Every structure is written in C-alpha cells, then in structure tokens.
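Student: Numbering-wise (this note's numbering), the sequence shown opens with residue -1 and increments by one. The beta carbon of each residue, even a glycine, is placed where N, CA and C say it ideally should be. Since the model is a prediction, treat every value here as computed from it, not as a measurement.
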Amino acid sequence: MKKTPAELRHRLKELVAEETPRAVALRRQLHTLPELCYQEFATSACIRGALDDAGITHADGLAGGTGTLAFLPGASASAVGLRADIDGLPIIEENGAAWKSLSAGRMHACGHDGHTAILLGAARVLNRLGTEATLPNPVRFIFQPAEEGGSGGLRMVEDGALDVHRCGPAVRRIYGLHNFPGLALGTLSTRCGALFASSDRYEITVQGQAAHAAWPHHSHDPIVAASAIVLALQTIVSREIDPVDAGVVSTTMFHAGTATNQIGSSAVLQGTARALLDSTRQHIKTRVTEVAVAIAHAHRCEAHVRYFDGYPVTRNDDSAVAEFERIVKNELPTQHFAHMTAPVMGGEDFAYYAEKIPACFYLLGMEDGHWKSARLHQPTYDFNDAALSHGIEAMAMLALADRAT
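Next comes the structure, spelled out in structure tokens:
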C-alpha cells in the first residue's frame, strides 16, 4: 500500500530510531578495527554480514576485493546512488574510549566508520520500508575502499558501480556525505560547483656535492638549495595565483643528512598541491618543477621533480544540489540546510563519481553541547554517535524523495 508523504516521514523516523542503537554498536565495532587502503577485509566482512542479516542483495569483490555494492528495488526506471568510504588512516590513536582502535598505528581519524554505519543503517531502514510498500526509487549502496589516497572511487567506477549491469538499473544521481567537526549537529551543508579541491603531491630530490662540514666551500650544499626551494615555492600561490582564486603548495617533508659534521650529497622534499580550477592546478604543477630546477641550479645543484596527479576537483551538479536542498527543506524538517559559502581545500575521491553522473556531496554536522571533537586526521578525533541518526535519516530520505528528471 502506498504511503502518503507524511506517513512516509513518520514511519522513516520510527525505523531510524529503532535502527540507531544497532548503528552505534556497529560504528564502535568498526572503530576498533581500522584498515588501510585496499586492506579493509574485516570491515568488508562486517558490511556483508549486516547486509546478509537484513536479507539485502549485494555484490562483493569490487575495487581489488574490498568494495561492496548493495541494491534495493523500486518503482523508478533508474536508481539513486548512496556512497560511503570505509578505510582508516595510519595514525596512532590517542583516545581513551572503550572502542579505541585495536590496530597498532591505525585509526579511524576521518570518521569513515561513521559513514559506513550510516549507509548500512540507511540500507536496513529502506529495506524494512520496502517490505511495507514499494520504494519509489531503486537504491544502490556503494561501500568504497581506499578513499585515503588510494583512488578507490575511481576503481569502483571502473568496476561498474554506477552501471546498469551491476545490481539493478543504472544510477541517475548519487549522494555522498562527510562528517564535519565545527558544523552544528543536525546541519546538512553543501554548495553548487567546486566543493573540494584537487589533491596532488610532489617529490623533489636535490642532488649536490658532499663535503666535510668544516669546509663548506668544497660542497654544493643540497640543504641550503632545498631550503631556498621550500621558500620559493610559496611565491607560486602568493604571487602567481589570482587572490580571488585559491591554491595551496605545502612542503610537508624535508629529509637530508646523516651526520652533524658532514654536508650530505642530497636532500628530498615532499609536499601537496591543491587547487579549485583546472587551470590553476596545471599552473602549479608546471611551476613547481620550474622553480625547483631553477633554484637548485642557482645553488650549483640539480633538482629532479616527480609530480603525482591525485584526485580531481569535486564538483557538485547544480540540479543535484537543488534537489538535495528541496528534500532537506521539505522532507527533513528537524534538520537544517546551510549553504556553504566557500569550498574546502581538502581532497575527496567522490570526484570520480561526480565526473560521470549528477552528484551532490554534503557535510554532516557533528557539534553539540555535549561533544566536541578534534578536527579530522587528528589522533584525538572521534565520530559523534549522536550524528548517526541524522545521517541515516538524511541518506534514506534522499533515496526516497529524489525525483527523476
């Protein structure tokens, strides 16, 4: 029997309330076993177990083995996609919670345990709704490995995560979320266009000539040359990028020398570059090499640059953002829509889905009067379990209320 919109909202809230304790327990279980890129075997087993327990159809082994797709049927001819990332980070956790990481040197410092629990909760809630009435849209749930630098989103797309031959009809529009400390609990925030920056990295090896530290005139000092390169790279953004544009060049690693009384023969720099425009991204890439080579030469050294293209800019589709805003304002009255005034300079491989189909990535608020977390990628970070019900309800309603165009 078809439910009215009001009945659907009411029933969804009931089911979310019933599912939330399970989601909290699952989130904390996942937090104890963080796994790195393409090694998420225990995490994937937990996901499959939760899907099997609910009787939800799924396909396994994507993206090298740890990616999972799940599917629920619906009335529309095309599906709504919902995506969560599942991997952890190589960071030593400094929390004292009972669910602290049990894996040495690894933790969920970006909240992917929460993202996974939210998507599983949404799948289970929608599955129960589907037993009571036909879902208006088929739904594809994408549990993606290796977001943290492994381009898992690209491999999922290449393995057909959005295509018609995988788990029902093709995906017409996709939604994804990221928790965001500093944003109020119950707030959902996004914007049109660029949301996250491109994310590239570089490695610069400066080759000089070694000498005893007491006779520096016998050396071609790579440490001095590399230091000058670090400083010169900062002028790419401050003096070559339009001030109303945005770019980042951050040299974050500097390795040189093996003894206090010797000037070594080489130094190695590594860092990251970010941009919101493709033209700016290309300019930074070109200039990192040019600046490094020229500065090294001025110090009688040589610079060898390796530049690694990372994630592209994550761009939201205007129509997908409009649909997201409509759904939040009309169908989620207890949640608050907030327009993002500016993009975030972090990288996100949701970009690969957004390159293929209309997409909306949004931020989920975490802050309330009882909980305040460290920022993302910090050793004291933890996900606020109070945000799980908000995330589950939002993801489920997006799947229910999205309108085919």
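Hey, how far is the Cα of Arg7 from the Cα of Glu329?
Tutor: Taking the sequence shown and counting its residues from 1, one reaches residue 7 at position 9. Taking the sequence shown and counting its residues from 1, one reaches residue 329 at position 331. Going by C-alpha positions, Arg7 is about 7 angstroms away from Glu329.
Student: Name the two residues that bound the continuous beta strand (DSSP E) containing Glu201.
Tutor: Within the sequence shown, numbered from 1, the residue matching residue 201 stands at position 203. Ser196 to Gln205 is the span of the beta strand (DSSP E), which, as asked, contains Glu201.
Student: Give every residue of the same chain whose Cβ lies closer than 6 angstroms to the Cβ of Ala224, excluding the five residues on either side of it in the sequence, and list them in chain order.
Tutor: For the purposes of this step, residue 224 is taken as the residue at position 226 of the sequence shown. Counting only residues of its own chain and dropping the five nearest sequence neighbours on each side, Ala224 has a CB closer than 6 angstroms to the CB of Val204, Ala265 and Leu267.
Student: Could you tell me if Pro406 is buried or exposed, where buried requires 16 or more neighbouring beta carbons within 10 angstroms of its beta carbon?
Tutor: Any property of residue 406 remains undetermined from this structure, which presents the chain solely from -1 to 403.
Student: Please say whether Pro179 and Arg304 have beta carbons closer to each other than 7 angstroms?
Tutor: Here residue 304 corresponds to residue number 306 of the sequence shown, with the count starting at 1. Here residue 179 corresponds to residue number 181 of the sequence shown, with the count starting at 1. Not closer than 7 angstroms, so no.
Student: DSSP three-state label for Gln421, please.
Tutor: Nothing can be reported for residue 421, as the shown portion of the chain is limited to -1 through 403.
Student: In the DSSP output, what is Tyr360 paired with across the bridge?
Tutor: Mapped onto the sequence shown, residue 360 falls at position 362. Leu175.
Student: Rounding to the nearest angstrom, what Cα-Cα distance links Met395 and Ile325 in this structure?
Tutor: If you number the sequence shown from 1, residue 395 lands on position 397. If you number the sequence shown from 1, residue 325 lands on position 327. Rounded to the nearest angstrom, the two C-alpha atoms are 8 angstroms apart.
Student: Compare the Cα-Cα distances from Cys299 to each of Ile227, Tyr360, Pro220 and Glu353 and report the closest residue.
Tutor: Here residue 299 corresponds to residue number 301 of the sequence shown, with the count starting at 1. Considering only alpha carbons, the answer is Pro220.
Student: Can you tell me which residues form a DSSP beta bridge with His218?
Tutor: Within the sequence shown, numbered from 1, the residue matching residue 218 stands at position 220. Paired residues: Gln207.
Student: Where do the ends of the alpha helix (DSSP H) carrying Phe322 lie?
Tutor: Taking the sequence shown and counting its residues from 1, one reaches residue 322 at position 324. Phe322 -> alpha helix (DSSP H) spans Asp316 to Glu329.
Student: Note down the Cα distance separating Phe39 from Thr64, rounded to an integer number of angstroms.
Tutor: One-based indexing of the sequence shown puts residue 39 at position 41. One-based indexing of the sequence shown puts residue 64 at position 66. When rounded, the distance between both Cα atoms is 6 angstroms.
Student: Would you kindly work out how many angstroms separate the C-alpha atoms of Val78 and Tyr173, rounded to a whole number?
Tutor: As a first step, residue 78 is located in the sequence shown; it is residue number 80 there, counting from the start. As a first step, residue 173 is located in the sequence shown; it is residue number 175 there, counting from the start. One C-alpha to the other measures close to 8 angstroms.
Student: Kindly give me the distance between the Cβ atoms of Ala385 and Gly112, rounded to whole angstroms, as I take these residues to be in contact under 8 angstroms.
Tutor: Taking the sequence shown and counting its residues from 1, the one referred to as residue 385 is at position 387. Taking the sequence shown and counting its residues from 1, the one referred to as residue 112 is at position 114. Their Cβ separation, rounded to whole angstroms, is 7 angstroms, which keeps Ala385 and Gly112 in contact under 8 angstroms.
Student: Where does the unbroken beta strand (DSSP E) through Leu133 begin, and where does it stop?
Tutor: As a position in the sequence shown, residue 133 is number 135, starting the count at 1. Note, Leu133: premise wrong, no beta strand (DSSP E); not H, not E.
Student: Does the beta-carbon of Thr2 have 16 or more other beta-carbons within 10 angstroms, so that it is buried, or is it exposed?
Tutor: Position 4 of the sequence shown, counted from the start, is the residue given in the question as residue 2. With fewer than 16 other Cβ atoms within 10 Å, it is exposed.
Student: Could you tell me if Pro32 is buried or exposed, where buried requires 16 or more neighbouring beta carbons within 10 angstroms of its beta carbon?
Tutor: The count along the sequence shown starts at 1 and reaches residue 32 at position 34. Pro32 is buried by the Cβ-count criterion.
Student: Taking the alpha-carbon of Lys370 as reference, which of Phe381, Pro377, Tyr360 and Leu361 has the nearest alpha-carbon?
Tutor: As a first step, residue 370 is located in the sequence shown; it is residue number 372 there, counting from the start. When each option's Cα is compared against that of Lys370, the closest is Phe381.
Student: Express the C-alpha separation of Gln142 and Arg313 in angstroms, rounding to a whole number.
Tutor: Taking the sequence shown and counting its residues from 1, the one referred to as residue 313 is at position 315. Taking the sequence shown and counting its residues from 1, the one referred to as residue 142 is at position 144. Those two C-alpha atoms are separated by around 19 angstroms.
Student: State buried or exposed for Ser277, treating a residue as buried only when at least 16 other CB atoms are found within 10 Å of its CB.
Tutor: Taking the first residue of the sequence shown as position 1, residue 277 is located at position 279. Answer is exposed; the Cβ neighbour count stays below 16.
Student: Quick one: what's got a C-beta closer than 6 angstroms to Leu175's C-beta in the same chain, skipping five residues either side?
Tutor: Taking the first residue of the sequence shown as position 1, residue 175 is located at position 177. Tyr360 and Leu362, listed in sequence order.
Student: From Ala399 to Phe139, what does the alpha carbon distance come to, in whole angstroms?
Tutor: Against the sequence shown, residue 399 aligns to sequence position 401. Against the sequence shown, residue 139 aligns to sequence position 141. Their Cα atoms are separated by approximately 16 angstroms.
Student: So Glu145 and His110 are supposed to be a Cβ contact under 8 angstroms. How far apart are they, rounded?
Tutor: By 1-based counting over the sequence shown, the position of residue 145 is 147. By 1-based counting over the sequence shown, the position of residue 110 is 112. Yes, Glu145 and His110 are in contact; Cβ-Cβ is about 7 angstroms, under 8 angstroms.
Student: Distance check for Asp51 and Val404, CA to CA, integer angstroms please.
Tutor: What is shown of the chain runs -1 to 403, which leaves residue 404 out entirely.
Student: Compare the Cα-Cα distances from Leu67 to each of Ala357, Leu117, Ala96 and Phe306 and report the closest residue.
Tutor: The residue given as residue 67 occupies position 69 in the sequence shown. Of the candidates Ala357, Leu117, Ala96 and Phe306, the one whose C-alpha sits nearest the C-alpha of Leu67 is Leu117.
Student: What is the residue span of the beta strand (DSSP E) that His56 lies within?
Tutor: Start at 1 with the first residue of the sequence shown, and residue 56 comes out as number 58. Element bounds for His56: Thr55 to Leu60.
Student: With distance defined between alpha-carbon atoms, name the residue in Pro310, Ala271, Arg401 and Glu391 nearest to Glu16.
Tutor: On the sequence shown, residue 16 is found 18 positions in, with the first residue counted as 1. Glu16 has its Cα closest to that of Glu391, out of Pro310, Ala271, Arg401 and Glu391.
Student: State the DSSP-derived secondary structure class of Thr249, mapped to helix, strand or coil.
Tutor: Residue 249 sits at position 251 when you count from the first residue of the sequence shown. Thr249 falls in the strand class under three-state DSSP.
Student: Quick one: is Ser317 buried, meaning 16 or more other Cβ sit within 10 Å of its Cβ, or exposed?
Tutor: Counted from its first residue, the sequence shown places residue 317 at position 319. Under a 10 Å Cβ-count criterion, Ser317 is classified as exposed, with fewer than 16 other Cβ atoms of the shown protein chains found around its own Cβ.
Student: Can you give me the start and stop residues for the alpha helix (DSSP H) that Ile355 sits inside?
Tutor: Here the question's residue 355 lines up with position 357 in the sequence shown. Taken as a continuous stretch (DSSP letters only), Ile355 belongs to no alpha helix (DSSP H), as it is neither H nor E.
Student: Can you check whether the CB of Met338 is closer than 7 angstroms to the CB of Ala195?
Tutor: For this step, residue 195 is matched to residue 197 along the sequence shown. For this step, residue 338 is matched to residue 340 along the sequence shown. No. Outside cutoff.
Student: Can you check the stretch 72 to 138 for any beta strand (DSSP E) of at least 3 residues that lies completely inside it and give the ranges in chain order?
Tutor: 77 to 83
Student: Check the C-beta distance from Pro331 over to Glu91 and give it rounded, since I have them as a contact under 8 angstroms.
Tutor: Counted from its first residue, the sequence shown places residue 331 at position 333. Counted from its first residue, the sequence shown places residue 91 at position 93. With 8 angstroms as the limit, Pro331 and Glu91 do not qualify as a contact, their Cβ atoms being about 37 angstroms apart.
Student: Tell me which residue opens and which closes the beta strand (DSSP E) that Thr41 is part of.
Tutor: Position 43 of the sequence shown holds residue 41. Looking at the DSSP string, Thr41 is not in any beta strand (DSSP E); the run it does join, the alpha helix (DSSP H), is Phe39 to Ala52.
Student: Can you list, in chain order, the residues of its chain with a C-beta nearer than 6 angstroms to that of Thr287? Leave out the 5 residues immediately preceding and following it.
Tutor: Position 289 of the sequence shown, counted from the first residue, corresponds to residue 287. Within the same chain, Thr287 has close Cβ partners Val303.
Student: Locate the alpha helix (DSSP H) running through Ser466, then write down its first and last residues.
Tutor: The structure shown does not extend to residue 466, since the chain is modelled only from -1 to 403, so the question has no answer here.
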